[in-house]
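So the structure is just underneath, and the comments pick up after that.
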Amino acid sequence: MYFLQAAITGDEANSAVNYLPIGIQLFFAIGFVALMMLMTHLLGPKRNTSDKLANFESGIEAVGNARQPMAVKYFLVAILFVLFDVEIIFFYPYAVNFRELGWEGFGAVAMFVSFFLAGFYYVIKKGALQWED
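Numbering of the sequence shown is given in my numbering, commencing with residue 20 and proceeding in unit increments.
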């Protein structure tokens with residue numbers, strides 16, 4: 020590896036040949052995973068007993084049909100959680116670079132927070148977080 024790196028000078032620093040070791044490593048990694056999956060499938064034990072094939076849900080016997088309707092509120096709360104959680108992630112770059120961004124960055128984050136709070140206000144006004152009995 021060192022002799023390849025030592026031979027690189029000037030414009031050759033960003034050539035495609037420099038990525039060859041990464042491609043070889045990726046090839047071997049994918050090949051290793053595929054080989055291990057194939058070997059475990061071919062050589063692994065196959066004991067299809069009734070206990071093994073039975074449904075298992077945290078040690079509790081399954082009762083009823085799994086295809087029963089579920090409240091839409093559950094999915095709404097889950098989607099809102101993901102939405103607001105992802106919005107919070109956007110604060111990290113500002114927290115890291117707040118000195119370099121200056122007042123312009125502060126104005127952008129203040130606008131972002133105002134949009135965030137407007138969306139949260141809309142969700143509360145629509146009653147998305149209120150559960151019915």
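Glycine residues also receive a C-beta, built at the ideal position from the N, C-alpha and C atoms.
Stretch-stretch touch, CB-based, cutoff 8 Å, three pairs: the stretch 111-121 with the stretch 90-101: no
Own chain partners of N84 with C-beta closer than 8 Å, once the 5 adjacent residues on each side are dropped: none
Beta-carbon proximity list for F131, same chain, < 6 Å, skipping 5 on both sides: none
Within 8 Å, strictly: CB atoms of V101 and Y113: no
Proximity below 8 Å, CB of F135 to CB of E106: yes
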